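Structure, as structure tokens:
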Amino acid sequence: MSDNPFLQKTGAAKVANPLAFLGFIVMSVLFGFFLSQSDISIVFALIILPFIVIFLNRVYVNPSLGMTFAYILNLILMGITRYVPVKLGYVMDIFLVLIFLAYFFQHFYKKIDWTILKDDLIYLTIIWFGYIVMEIANPEAESIGAWFSAMRGIALYMLLIIPLVYFVYDKPKNLNTFLYIWGIIGILASVKGALQLIIGPDPWEQKWLDEGGAVTHILWGKLRVFSFFTDAGQFGASQGQLGVVGTILFLNTKDFKLKIFWLIVAAAGFYGMAISGTRGAIAVPAAGFFLYIFLKKNVRVITIGMTFMVLAFIFFKFTRIGDSNYQINRMRTAFDTKDASLNTRLRNQMLFAAYLKNKPFGGGVGHAGNRAQKFVPHGYLANIATDSWFVMIWAECGIIGLYLHMFILFYIVGKGAYIIMFRIKNPELFGKLSALHCGSFGIIGASYGNMVLGQFPTHLIVFTSWAYV
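Going by my numbering, 358 is the number at position 358 of the sequence shown; the sequence numbering is gapless.
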């Protein structure tokens with residue numbers, strides 16, 4: 001475009017473009033659909049309409065702005081529903097589609113570089129999404145609604161986020177923005193968690209606890225802190241991931257001010273993980289740092305790292321030090337093979353094994369665990385707690401789906417580790433990619449004991465991390 005201001009198109013001229021106008025109309029219709037599905041009053045909708053129009057225009061002009069907003073929204077989305085009576089279940093889906101539309105309409109007269117999608121991560125994403133789509137034909141499945149609700153976290157967001165990062169969020173400044181947003185909101189999340197622990201839940205949070213949340217979030221009279229996340233499990237795992245990322249960035253950043261920032265992020269992350277009372281979250285730093293010490297390719301680092309991990313295991317498994325502290329005591333139960341919760345999970349897995357013996361494709365996507373009771377309340381799988389992400393994949397997608405899923409995950413881990421270890425020569429970039437990759441591997445480790453990989457806000461962060469690596 002010419003630098004001559006007299007030759008540049010005005011905003012009115014841009015809107016006069018039929019494709020620009022069509023794109024704006026489509027985006028407006030999608031936002032209108034969201035409003036129609038929510039509990040927002042007409043008066044409030046009219047008040048915010050001008051701001052929505054301006055925002056849509058900005059996203060159309062600069063889709064990367066939409067991605068920045070999407071990451072902010074991802075981290076606070078579920079917590080908003082406790083304070084605002086709005087059905088936000090599909091808002092992220094709509095918003096990601098809006099960004100896609102903005103990008104394609106913006107590039108309608110330009111040649112889109114499709115070659116960037118010739119990538120094994122894209123191929124694996126399409127294969128996994130294709131398998132989940134084929135699960136519609138699973139003879140054991142009873143509800144298309146259950147499939148549609150569940151498949152979004154299992155496969156759809158992966159299909160949307162990874163190409164979007166390739167197309168509109170692939171610059172170094174975008175990577176930095178993503179990390180800073182995550183770090184700042186992560187600090188705020190731990191501050192909010194500390195307020196819950198010290199002062200107590202606010203009226204809206206207390207209402208959520210009274211309506212059923214207390215069953216899983218108040219144990220032995222102690223609150224499992226959940227901050228502005230969906231639950232304590234997500235809060236603990238996500239903050240553990242942030243702690244890993246913050247620590248690795250602290251170790252690999254030269255700028256003093258940034259070092260202090262990432263140190264605060266790491267401390268906030270691990271503090272949030274501890275006060276969540278989520279035992280399985282301890283797998284995040286365990287797996288994440290285990291991978292990092294090997295990415296460093298340094299015998300001294302490997303020796304020190306392995307020694308520290310062994311000492312940490314001995315501390316939790318074979319000592320009673322710190323038992324008077326609820327958070328330490330709660331984490332210690334994760335190493336107890338006689339723990340009642342662990343044995344209940346093992347019994348549930350035996351029930352799944354018996355049911356799935358002759359069902360290699362599982363019982364149908366969205367048909368297992370508590371979330372399935374909304375669609376198939378009398379279903380066999382719906383009345384057995386899955387607890388684990390991998391158990392859920394096994395129950396819903398069968399042994400074939402589980403093997404495919406595990407292959408994809410560990411291919412990504414292995415390929416990413418190879419790239420970081422042998423192709424990345426820039427120390428700063430090595431630190432950033434190592435942080436993202438190790439944090440994501442930690443989430444994979446924690447997903448054995450918790451339903452974290454496919455839930456807000458973890459899944460979008462993990463998929464983005466994979467795309468960058």
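We put the beta carbon where it would ideally sit given N, CA and C, even for glycine. In this text the structure is predicted, and so the values were computed from the model without any measurement.
- Counting C-beta pairs with one atom in each stretch, the region 302-322 and the region 415-431 have fewer than three that are closer than 8 Å, which means they do not touch.
- Taking Met78 as the centre and dropping the five residues before and after it, the same chain places the C-beta of Thr230, Phe456 closer than 6 Å to its C-beta, in chain order.
- Secondary-structure assignment with DSSP links Ile218 through a beta bridge to Leu223.
- When C-beta atoms of the region 151-161 are compared with those of the region 55-63, fewer than three pairs fall below 8 Å, so the two segments do not count as touching.
- Under a 10 Å Cβ-count criterion, Met392 is classified as buried, with 16 or more other Cβ atoms of the shown protein chains found around its own Cβ.
- A contact between stretches requires three or more CB pairs, one per stretch, nearer than 8 Å, and the region 158-167 meets this requirement with the region 108-118.
- Given a length threshold of 4 residues, each whole run of the alpha helix (DSSP H) inside the region 206-294 is given here in chain order: 214-217, 232-252, 256-275.
- Restricting attention to Ala287, Ile408, Gly379, the CA atom closest to the CA of Phe129 is found in Ile408.
- With contacts defined as CB atoms closer than 8 Å, Ile384 and Phe352 qualify as a contacting pair.
- Pairing Ile314 with Gly243, the inter-Cα distance amounts to about 21 Å.
- In the DSSP assignment, Gln373 falls outside any alpha helix (DSSP H), carrying neither H nor E.
- Judged by pairs of C-beta atoms under 8 Å, the region 187-206 touches the region 271-282, as three or more such pairs exist.
- No Cβ-Cβ contact shorter than 8 Å links Leu433 with Val462.
- The C-alpha of Ala435 lies about 6 Å from the C-alpha of Leu249.
- Comparing C-alpha distances from Ser149 to each of Val133, Glu140, Pro139 shows the shortest one belongs to Val133.
- Annotation: Leu429 to Thr68 spans about 20 Å, alpha carbon to alpha carbon.
- Membership of Trp147 in the alpha helix (DSSP H) is indicated by the continuous run 144-151.
- Of the residues assessed, Trp262 falls on the buried side of the cut-off, its CB having 16 or more other CB atoms within 10 angstroms.
- Collapsing the DSSP output to three states places Gln106 in a helix.
- Note on Ala141: 16 or more other CB atoms within 10 angstroms of its CB, so buried under the neighbour-count rule.
- Judged by DSSP secondary structure, Glu135 falls outside any alpha helix (DSSP H); it is assigned neither H nor E.
- Nearest C-alpha to Lys222 among Phe228, Gln234, Leu209: Leu209.
- Counting other Cβ atoms within 10 Å of its Cβ, Leu311 stays below 16 and is therefore classed as exposed.
- Taking C-beta separations shorter than 7 Å and ignoring five residues to either side along the sequence, the partners of Ser238 in its chain run Phe229, Pro457, Thr458, following chain order.
- Collapsing the DSSP output to three states places Gly366 in coil.
- Here the alpha carbons of Gln349 and Lys110 stand approximately 53 Å from one another.
- Here the C-alpha atom of His437 lies approximately 29 Å from the C-alpha atom of Ala368.
- Annotated three-state conformation of Tyr90 is coil, per DSSP.
- For Ser190, the enclosing alpha helix (DSSP H) stretches over residues 172-198.
- Nearest to Gln241 by alpha-carbon distance, out of Leu251, Ile420, Gly445, is Gly445.
- Per DSSP, the unbroken alpha helix (DSSP H) holding Ala446 starts and ends at 427-446.
- In this structure, Thr125 sits away from Met92, with a CB-CB distance that is not shorter than 8 Å.
- Within a 10 Å sphere around the beta-carbon of Thr247 sit 16 or more other beta-carbons, which makes this residue buried.
- Using a Cβ distance threshold of 8 Å, Asn138 and Gly431 do not count as a contacting pair.
- According to the DSSP assignment, Tyr403 belongs to the alpha helix (DSSP H) that extends over 389-422.
- Under the three-state reduction of DSSP output, Arg300 falls in the helix class.
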